[in-house]
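If you read the sequence shown in our numbering, its first letter stands for residue 0, the second for the next number, and so on.
Cβ atoms here follow ideal geometry from the backbone N, Cα and C, with glycine treated the same way.
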Amino acid sequence: MDKNKLRTFSIASFNCRSIKRSVEQIRNLCSKYDIVALQETWLLPHDLDFVNEVSDDFGCYAKSSVDTSAGLFKGRPYGGLAILWRKALFTSVSVVECSNDRISAVHIKLDDRSVLLFSIYMPINSDENLTDFTDCLATIAAIIDEGDVDVSYILGDFNAHPKTVFGDELDFFCAEQSLICADQEILPSDTYTFLSESHGSRRWLDHCVVTRAAWDAIMSIRVDNNEVFWSDHFPLVIECDMQCIVPKTVCDNSLSNGVNEIKWGQRDFCQSERYRTHCIDSFSSLRQSSLGLSDCEKDKALIDNRYNCIIKILQKAAIKTCYTRHGAQKKFKPILGWNHHVKDSHQRARLHFNNWVMCGCPKSGDIYNQMVMSRKQFKSKLRWCQKNQENIKLNILALHQSNKDFIKFWNATKRLNYKTSKPVSIEGIGDPVSISEQFARHFSVIPLPLNPSMTALKNNINKLPSNNNSHKFSAEDVARAVREMKRGKSPGWDGLSIEHILHAGPDIYYILANLFSICHSTNHLPEALMKTVVVPVPKNKTGDLSSLKNYRPISLGTILGKILERLLHPDLNCSLEIDDAQFGFRPGLSTDSAIFSVKSTIRHYVDRKTSVYACFLDLSRAFDLVNYDLLWGKLARSNIPEKTVGLLRYWYENQTNHVRWGDTVSSDYKLKCGVRQGGLTSPDLFNLYINDLIVELRSTRIGCHVGGVCLNNISYADDMVLLSPSISALRKLLSICEGYAAKHGLKYNENKTQMMVFRAGKGPEITLPVLLSGIELKFVSQFKYLGHILAENLSDDLDIERERRALAVRCNMISRRFSRCNEQVKVTLFRAYCQSFYTCQLWVKCSKKALGTIRIQYNNAYRILMKLPRFCSASGMFAEQRIADFFAIRRARIAGLWARLRASGNGILRMFSDCLDNPILRSWQSVHRDMNA
0 MDKNKLRTFS IASFNCRSIK RSVEQIRNLC SKYDIVALQE TWLLPHDLDF VNEVSDDFGC
60 YAKSSVDTSA GLFKGRPYGG LAILWRKALF TSVSVVECSN DRISAVHIKL DDRSVLLFSI
120 YMPINSDENL TDFTDCLATI AAIIDEGDVD VSYILGDFNA HPKTVFGDEL DFFCAEQSLI
180 CADQEILPSD TYTFLSESHG SRRWLDHCVV TRAAWDAIMS IRVDNNEVFW SDHFPLVIEC
240 DMQCIVPKTV CDNSLSNGVN EIKWGQRDFC QSERYRTHCI DSFSSLRQSS LGLSDCEKDK
300 ALIDNRYNCI IKILQKAAIK TCYTRHGAQK KFKPILGWNH HVKDSHQRAR LHFNNWVMCG
360 CPKSGDIYNQ MVMSRKQFKS KLRWCQKNQE NIKLNILALH QSNKDFIKFW NATKRLNYKT
420 SKPVSIEGIG DPVSISEQFA RHFSVIPLPL NPSMTALKNN INKLPSNNNS HKFSAEDVAR
480 AVREMKRGKS PGWDGLSIEH ILHAGPDIYY ILANLFSICH STNHLPEALM KTVVVPVPKN
540 KTGDLSSLKN YRPISLGTIL GKILERLLHP DLNCSLEIDD AQFGFRPGLS TDSAIFSVKS
600 TIRHYVDRKT SVYACFLDLS RAFDLVNYDL LWGKLARSNI PEKTVGLLRY WYENQTNHVR
660 WGDTVSSDYK LKCGVRQGGL TSPDLFNLYI NDLIVELRST RIGCHVGGVC LNNISYADDM
720 VLLSPSISAL RKLLSICEGY AAKHGLKYNE NKTQMMVFRA GKGPEITLPV LLSGIELKFV
780 SQFKYLGHIL AENLSDDLDI ERERRALAVR CNMISRRFSR CNEQVKVTLF RAYCQSFYTC
840 QLWVKCSKKA LGTIRIQYNN AYRILMKLPR FCSASGMFAE QRIADFFAIR RARIAGLWAR
900 LRASGNGILR MFSDCLDNPI LRSWQSVHRD MNA
């Protein structure tokens, strides 16, 4: 078969039990299929050569996991794995390193497409093996994330029959990692791949799990049970069409010439000082010529000219102080480790070379020999440095950790992350310019029509009285805003970041204070300041990267625009009156505050034998559909200065956006609705836009009440949940939400909006239908609210399982990426990535089994990362590094949340913290009592 004309290929997964007895069946599989993934119960180390000789036409990678040094085998030992592929079809096949004995993987190149293929052999289905099963799945997820390939296929004996412990775990894992169990999706429910020889029972143990992109390439799946095999398993066969897969390629996001000398990058102290000197010299004269308000009101072009002058000075200083070679204007990438390993030898080589040139370039003698030897030493160290870049990066991590410089430590850690490639085409279009234009059209949102009753409000916006005071920003205000901003962020279209301002000297703060004060007074902003670069980012990296729907926009604003927005933020943060039922983007509040309020309200009613109806509303593209006219009207009726409202309004009406794809950018487009992505003021503006709905709902006084406080709705930004002890009250609340959405150009997603009933005792046997926009809502038994799983019986076991699986994925991710780091670096990473336990302080109603399982997973995570024996003492290994165990972390999180509740200014949280009979608070007290006992 001509591999250049290949369209389809087939894969067979087979648990052969004994490869020597099944060799003829395996050869038969090789004759019919292109790839064979084997699982072998008795594959011993000395049998690996035999596997390689099964077929001359097939290449092979096999691994044995039987420890022959342990003496006599007891019971049924786990054997090994093998992957065979047709050599004439796949000429480029590389083995993927994996320390887990139950997983083998190869990276296959097929024309311009890449495939990651796994063969796995899971342990026996039992509660004791659940953590091992999860670790195997998490390792697979880490390899897929690291591999950055087009498609991935995971085949083998999962020992996961549907509706069993492993079956449920596999389903949850696929849902959370955006994977698909392809055979369960395609084959009928009575399918089986295992037939017991002893009692004839049938089980569906072998599966094929694929990424979203690989799902599109699957033509068919079947179980080959038409022949007699020397095994109790039947082969699972998959037919694939690779032409359905859009290949990926690495795209450079730099400028069109491949060079961006303006970006700050990794500048050393000398470069920073030269940059600072250049800026001080250039800004000294500019500071003396401050802008005058009267002149700028007459000629607003002066503001544009001043802004452009500031940007040019910063860019010119950055270009002059970037790395250059022999005076050339082309930037070259600095060699990591140059200063420590190469710099001295380079200086000696330069010194001897110049001396040799001054002496007339002799062809022999001491001067010639010194020049030659110094050049050899320099080139030798340079080659070593270039070959050991990864080790040098890890050594830098260790150095930052030992110096307790955690800012540099985490910056260096982020630079170790693997970059995702981009597809060569989007929706069938391969030209980068056309792709960027396509994204520009996709990200442009058309506002929904408003209810006619809102027309009067739009017409009277400018007639509302407001405070007309303007700000006069000081240099200290600007300096404070700059200090509060995070470093290391991606620059906007001008290539400037916060580091350019920090190292520009003190004059920049006075100049910017003058510029921003004039902009605020005149309600005018430079056109270049309002330019925004929009970068498409995949929602699901393992999904279809050629689909527009799999991307979300990330906006990169100009650095001076970010500083101005931070200066305007106090006006919004202090002047807006947002209802206490809104927990999103509020100081001192977080997602656990909203989840705590929801659970406390429900428990208050359920404990009093009253069922609660909950509706979890989903707004479609809520931030993108904010109507500007209504937003300005709401701002005008608040206590915000009119000049600030006017400046924001001018900003939104004149901002231009450009989509960047690779090294190309689209034509500009303007926002017709929606708050700006990534803007500091955007969350406050959205909270104001939705606040009237929250107030209207609570003013009805229907639904749930606790301690005299109406809690019929709780929101976190656009995530709102309605709570009511009766279905009729809930319907009234929903009708208010529908009316508000119609008046404000918003739209609810009826498919994602779901209902739950938290029953007290047996509760209502029959739930009456609830409609939203004429569509009946679906009742579910569990719902993931803000990342926390709520179950209808209020049990937290499902959420504990969610966090346990997430812990396994994070642990295996860092253990693969940082396996060669020293012990202290690993401890730092473990504390950061494996001790988060999201919402563990809210686990109140949970079983000892669930807590025990996540504790074991946590202990195993540390063993995996530190490469410790499986059965070493958990308390001993944690005590040695002074690491908190699972229960200590949970107690600390409970105490932290309790302290935040008591200190919170939010009326709802204060009410709950003062409520002595709150069941969640009683549970927290029992946790600490158990510790003291």
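Less than 9 Å separating the beta-carbons of T7 and D149?
-> Working through the sequence shown from its first residue, we reach residue 7 at position 8. Working through the sequence shown from its first residue, we reach residue 149 at position 150. The answer is no: Cβ separation not under 9 Å.
Under the rule that 16 or more other beta-carbon atoms within 10 Å means buried, what is H960, buried or exposed?
-> Since the first and last residues shown for the chain are 0 and 932, residue 960 lies out of range.
Please work out which residues of its chain come closer than 8 Å, Cβ to Cβ, to R16, disregarding the five sequence neighbours upstream and downstream, and give them in chain order.
-> For the purposes of this step, residue 16 is taken as residue 17 along the sequence shown, with counting starting at 1. Once the five neighbours on either side are set aside, the close Cβ partners of R16 are E39, T40, W41, W229, S230, D231 and H232.
When DSSP labels each residue in this structure, what does G257 get in the three-state scheme?
-> As a working note, residue 257 is residue 258 in the sequence shown. Because G257 carries a pLDDT of 43, less than 50, the predicted location of this residue cannot be relied on, and the following value inherits that uncertainty. Correct three-state label for G257: coil.
Just grab the DSSP bridge partners of N712 for me.
-> Taking the sequence shown and counting its residues from 1, the one referred to as residue 712 is at position 713. DSSP, once it has assigned bridges, lists L721 as partnering N712.
With a cut-off of 8 Å, do at least 3 Cβ pairs link the region 373 to 386 to the region 399 to 406?
-> no
Measure the C-alpha to C-alpha separation of R934 and N859 and round it to an integer number of angstroms.
-> Residue 934 lies beyond the range of the chain shown here (0 to 932); nothing can be said about it.
At which residues does the alpha helix (DSSP H) containing I933 begin and terminate?
-> Absent from the structure is residue 933, since the part of the chain shown begins at 0 and ends at 932.
Assign A81 to one of three DSSP states: helix, strand, or coil.
-> To locate residue 81, count along the sequence shown from 1; it is residue 82. In the structure shown, A81 sits in a strand (DSSP, three-state: E or B).
Close beta carbons around R112, own chain, < 8 Å, minus the five adjacent residues each side | Residue 112 sits at position 113 when you count from the first residue of the sequence shown. Answer for R112: D149, V150, M241, I244 and P246, listed in chain order.
Delimiting residues of the alpha helix (DSSP H) encompassing V444 = As a working mapping, residue 444 is identified with position 445 in the sequence shown. Where V444 is concerned, there is no enclosing alpha helix (DSSP H), given that its DSSP letter is neither H nor E.
What is the DSSP secondary structure of D170, reduced to helix, strand or coil?
-> As a first step, residue 170 must be located in the sequence shown, where it is residue number 171. In the structure shown, D170 sits in a helix (DSSP, three-state: H, G or I).
Quick one: what's W660 bridged to in DSSP?
-> The sequence position of residue 660 within the sequence shown is 661, counting from 1. Partner(s): T663.
Boundaries (first-last residue) of the alpha helix (DSSP H) holding Q183 | For the purposes of this step, residue 183 is identified with residue 184 of the sequence shown, where counting begins at 1. From DSSP, the alpha helix (DSSP H) with Q183 extends over A181 to I185.
Please state whether DSSP places A503 in a helix, a strand or coil.
-> By one-based count along the sequence shown, residue 503 stands at place 504. It is coil, neither helix nor strand.
Report all residues from its chain with a CB closer than 7 Å to the CB of K319; omit the five preceding and five following residues, and keep chain order.
-> For the purposes of this step, residue 319 is taken as residue 320 along the sequence shown, with counting starting at 1. H277.
Answer with buried or exposed for R585, where buried requires no fewer than 16 other C-beta atoms within 10 angstroms of its C-beta.
-> Here residue 585 refers to the residue found at position 586 when the sequence shown is read from its first residue. Result: buried.
N14 - partner residues in DSSP beta bridges = One-based indexing of the sequence shown puts residue 14 at position 15. In DSSP, N14 forms a bridge with Q38.
Take D579 and list the residues in its own chain whose beta-carbon comes closer than 6 Å to its own, dropping the five residues that flank it on each side.
-> Stepping through the sequence shown from its first residue, residue 579 is reached at position 580. Only N905, G906 and I907 meet the Cβ criterion.
With G155 as the anchor, note down where its beta strand (DSSP E) starts and where it stops.
-> Taking the first residue of the sequence shown as 1, we reach residue 155 at position 156. From DSSP, the beta strand (DSSP E) with G155 extends over V150 to D156.
Please check the pair L646 and N522, which I expect to be a contact at CB under 8 Å, by giving their CB distance rounded to whole angstroms.
-> For the purposes of this step, residue 646 is taken as the residue at position 647 of the sequence shown. For the purposes of this step, residue 522 is taken as the residue at position 523 of the sequence shown. At roughly 5 Å, the Cβ-Cβ gap stays under 8 Å, so L646 and N522 are in contact.
Please report the Cβ distance between Q856 and L806, rounded to the nearest whole angstrom; I am assuming they are in contact, meaning their Cβ atoms lie under 8 Å.
-> Counting from 1 along the sequence shown, the entry for residue 856 is found at position 857. Counting from 1 along the sequence shown, the entry for residue 806 is found at position 807. Indeed, because the Cβ distance is near 6 Å, the residues count as touching under 8 Å.
Sequence-distant residues of the same chain with beta carbon closer than 7 Å to R26, five excluded per side | Here residue 26 refers to the residue found at position 27 of the sequence shown. Within the same chain, R26 has close Cβ partners V53 and S54.
Best match in R700, A181 and V779 for proximity to A613 [C-alpha to C-alpha] | Against the sequence shown, residue 613 aligns to sequence position 614. A613 has its Cα closest to that of V779, out of R700, A181 and V779.
Local Cβ density within 10 Å of Q840, reported as buried at 16 or more and exposed below that | Here residue 840 is taken as the residue at index 841 of the sequence shown, counted from 1. With 16 or more other Cβ atoms within 10 Å, it is buried.
Could you tell me the distance, in whole angstroms, from the CA atom of V356 to the CA atom of I395?
-> Reading the sequence shown from its first residue, position 357 is the one you call residue 356. Reading the sequence shown from its first residue, position 396 is the one you call residue 395. C-alpha separation (whole angstroms): 37 Å.
Option nearest T557 by Cα separation, candidates P505, N549, I107 and H499 | As a position in the sequence shown, residue 557 is number 558, starting the count at 1. For T557, the nearest C-alpha among the options comes from H499.
Could you give the DSSP three-state label for I244: helix, strand or coil?
-> Indexing the sequence shown from 1 puts residue 244 at position 245. Correct three-state label for I244: coil.
According to DSSP, which residues form a beta bridge with Y509?
-> By 1-based counting over the sequence shown, the position of residue 509 is 510. Looking at the DSSP assignment, Y509 forms no beta bridge with any residue, so it has no partner.
Rounded to the nearest angstrom, how far is the Cβ of F595 from that of L588, given a contact under 8 Å?
-> Residue numbering aside, residue 595 sits at position 596 when the sequence shown is read from its first letter. Residue numbering aside, residue 588 sits at position 589 when the sequence shown is read from its first letter. Their Cβ separation, rounded to whole angstroms, is 10 Å, which puts F595 and L588 out of contact at 8 Å.
If you draw a straight line from the C-alpha of L463 to the C-alpha of T643, how long is it?
-> Here residue 463 corresponds to residue number 464 of the sequence shown, with the count starting at 1. Here residue 643 corresponds to residue number 644 of the sequence shown, with the count starting at 1. In this predicted model, L463 has a pLDDT of only 43, less than 50, meaning its place in the structure is not dependable enough to derive any value.
Please report the Cβ distance between F515 and F472, rounded to the nearest whole angstrom; I am assuming they are in contact, meaning their Cβ atoms lie under 8 Å.
-> By one-based count along the sequence shown, residue 515 stands at place 516. By one-based count along the sequence shown, residue 472 stands at place 473. Sure, about 5 Å apart at Cβ, within 8 Å.
Kindly give me the distance between the Cβ atoms of S610 and P768, rounded to whole angstroms, as I take these residues to be in contact under 8 Å.
-> In the sequence shown, residue 610 corresponds to position 611, counting from 1. In the sequence shown, residue 768 corresponds to position 769, counting from 1. That belief does not hold up - the Cβ atoms of S610 and P768 are roughly 17 Å apart, past 8 Å.
Can you tell me which of A891, C914, R890 and R889 puts its alpha carbon nearest to the alpha carbon of R901?
-> For this step, residue 901 is matched to residue 902 along the sequence shown. Comparing Cα positions, the closest option is C914.
Nearest residue (CA-CA) to A740, options M484, S496, L449 and N656 | In the sequence shown, residue 740 corresponds to position 741, counting from 1. Out of M484, S496, L449 and N656, L449 has the C-alpha closest to the C-alpha of A740.
Give the single residue among R801, L178 and L393 whose Cα lies nearest to the Cα of Q823.
-> In the sequence shown, residue 823 corresponds to position 824, counting from 1. Ranking R801, L178 and L393 by Cα distance to Q823 puts L393 first.
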